[in-house]
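J.: Below is a structure I'd like to ask you about.
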Amino acid sequence: MHVTNRDAVLDRPEPFRSARRDALDMFEAALDSVDACRATEDALSLSDGVLSADDVAVDLAMVENVYVVGFGKASLGMARAVEMLLPVTDGLVISTEKGSLDCIRVRQGDHPLPGRRNVDATAELLDIVEHAGKNDLVIVLISGGGSALLCQPAVSLAAMQEVTRGLMHAGCTIQELNTVRKHLSSVKGGRLAARCSARMLSLAISDVIGDPLAFIASGPTAPDPTSYADARDVLKTYGLWKNGEVKRHIMQGCTGDIDETPGRLDNVDHVIVANVERACRHARRMAEEKGYHADVAGTRLSGEARQVGRDIAQYAKLLPRDRAVVIFGGETTVTVTGNGSGGRNQELVLGALPEIAGENLVVLSCGTDGVDGCSPAAGAIADGASLQRARRKGMDMEAALDDNDSYAFFKSLGDAIVTGPTGTNVMDIQIVVKY
């Protein structure tokens, strides 16, 4: 079980209780399918001394040493799977969680803003990468959160934090954010791979729509299609072309005084081991086992969270039958204008509330990493009676939206979903149950 406050969330009269229970079961099935250790085990096989992953094969008889490095919310679980399969010479992962492994060191870092310990852990990780020789294999474990955890800024740490915070609050896309990050870093945008003379096998759990290797954890092992000019344009678009240190560094890149990020890398193979499509498929499978007609309507959900919530609720109201489930995956954004606590998933459900009021619908939206914005919740769930219950308690939905205070709203209503960190991250999942 993942949802730690399940009993409280299900403390509703029928038929709400049963529909909520089914939605939670589907969400937990999705989480089980993208468990970091399980997904990595599924992706790797070892037979007659040959390591295989997707269409990549490595003859370990030709490899002198196997090194493992990783960074991201799923790195601990991924490393555990590799360690059980292969003889590892040395390794280090940077995780949001504390933990220990047999022969791979674990360092805990800060997220979503990088801290000093991220920089120190990255220096340790680079010692391994740069020490590896041409006859060695470096397995790189990449997952969401890696952009913050793998951190060797080309500007001061304070400047990197300032720009990152500003872009996050501005509601930019992950592609825009990571374009800037890559051009303020010595390890992102393919630069980690460029510092290694060994063959690399990059295994990624994707938290970006469409699984673009150049943007998952800011693409430290992938060729980079973006430029310093792109980074400059993003900062200007969001009114953040302000920090003098950042401006000087990016302009040096624009004029060619600093080399661009690598556009080609010949020493790396890439494999996606889990993504939001996998999570949605398993949620649908659970729905079908419960007797629902289920459909994955899309896995590229994006846009302003509150509006997306309205849109998917309107979509669900038009479903031609009862006992139907519609599932979405993706990552919305929130333009922060208030001072409240919450995240994109809770704001999405808050936006859906007026649309589902009085309807036989349950809407769930949660982050698969178990963290929604600056709150302790993974997301929220609501049904056709939630808005009426909120009004009886004197709660103002519009005020909560205006102040970006979705967590306080759903906590008071008893509809916040809490899982704690899940150790994986494939963006967000939305489940709408029509009963």
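Residue numbers (our numbering): 5 to 439.
Glycine included, C-beta positions come from ideal geometry on N, C-alpha and C.
#1: For Ala283, I'd like the list of residues in its chain whose CB is within less than 8 Å of its CB, leaving aside the five on either flank, ordered along the chain.
#2: Check whether the stretch 121-137 and the stretch 207-223 are in contact - that is, three or more C-beta pairs closer than 8 Å.
#3: What does a CB cutoff of less than 7 Å around Leu14 pick up in its chain, not counting 5 residues either side in sequence?
#4: Can you give, in chain order, each stretch of the alpha helix (DSSP H) that sits fully within the stretch 157-211 and has at least 4 residues?
#5: If we count the other Cβ atoms within 10 Å of its Cβ and call it buried at 16 or more, is Gly424 buried or exposed?
#6: Do three or more CB pairs link the stretch 325-340 to the stretch 285-302 at distances below 8 Å?
#7: With DSSP collapsed to three states, give me the class of Cys155.
#8: Can you tell me whether Glu68 is helix, strand or coil according to DSSP?
#9: Quick check on the burial criterion: 16 or more other C-beta atoms within 10 angstroms. Buried or exposed for Leu89?
#10: Smallest Cα separation from Gly308: which of Val422, His274, Gly355 and Leu323?
#11: Please state if the CB of Ala83 and the CB of Leu117 are separated by a distance shorter than 7 Å.
#12: Could you spell out where the alpha helix (DSSP H) holding Arg325 opens and where it closes?
#13: Please confirm whether Ala221 has its beta-carbon closer than 7 Å to some beta-carbon of chain D.
#14: Is DSSP giving Asp376 helix, strand or coil here?
#15: Roughly how many angstroms lie between the CA atoms of Gly170 and Met290, to the nearest whole one?
#16: Please confirm whether Val144 and Ala136 have their CB atoms less than 7 Å apart.
#17: Can you check which of these residues, Arg310, Gly193 and Val238, is closest to Pro266 by C-alpha distance?
#18: Using alpha carbons as the reference points, say which of Cys370, Ala361 and Arg348 lies closest to Gly377.
#19: Find out if the Cβ-Cβ distance for the pair Val70, Thr93 is shorter than 7 Å.
#20: So what does DSSP say about Ala386, is it helix, strand or coil?
#21: Going by DSSP, what residues sit across from Thr337 in a beta bridge?
#22: Strictly by DSSP, which residues pair up with Val13?
T.: So, from the data block:
#1: The residues are Ala34, Leu35, Ser37, Val38, Gly333, Thr372, Val430 and Ile433.
#2: Taking 8 Å as the limit for Cβ pairs, the verdict is that the stretch 207-223 does not touch the stretch 121-137.
#3: Result list for Leu14: Arg21, Arg24 and Arg25, in chain order.
#4: With a minimum length of 4 residues, the unbroken runs of alpha helix (DSSP H) contained wholly in the stretch 157-211 fall at 161-174, 178-186 and 195-198.
#5: Residue environment: Gly424 is assigned as exposed (fewer than 16 neighbouring CB atoms within 10 Å of its CB, all protein chains considered).
#6: Segment contact: the stretch 325-340 against the stretch 285-302, three or more CB-CB distances shorter than 8 Å; contact assigned.
#7: In the structure shown, Cys155 sits in coil (DSSP, three-state: anything other than H, G, I, E or B).
#8: In the three-state reduction of the DSSP assignment, Glu68 falls in the coil class.
#9: Per the 10 Å Cβ criterion, exposed.
#10: The question names Gly, but residue 308 is Glu in the sequence shown. When only C-alpha atoms are compared, the closest one is Gly355.
#11: Contact: no.
#12: No alpha helix (DSSP H) holds Arg325; DSSP gives it neither H nor E.
#13: Protein chains in the displayed structure number just one, and chain D is not present.
#14: It is coil, neither helix nor strand.
#15: Roughly 40 Å separates the two Cα atoms.
#16: A distance of 7 Å or more separates the beta carbons of Val144 and Ala136.
#17: Here the closest residue by C-alpha is Gly193.
#18: Nearest option by C-alpha distance: Arg348.
#19: Closer than 7 Å, so yes.
#20: Three-state DSSP puts Ala386 in a strand.
#21: Per DSSP, Glu308.
#22: According to DSSP, residue pairing for Val13 in a beta bridge does not occur.
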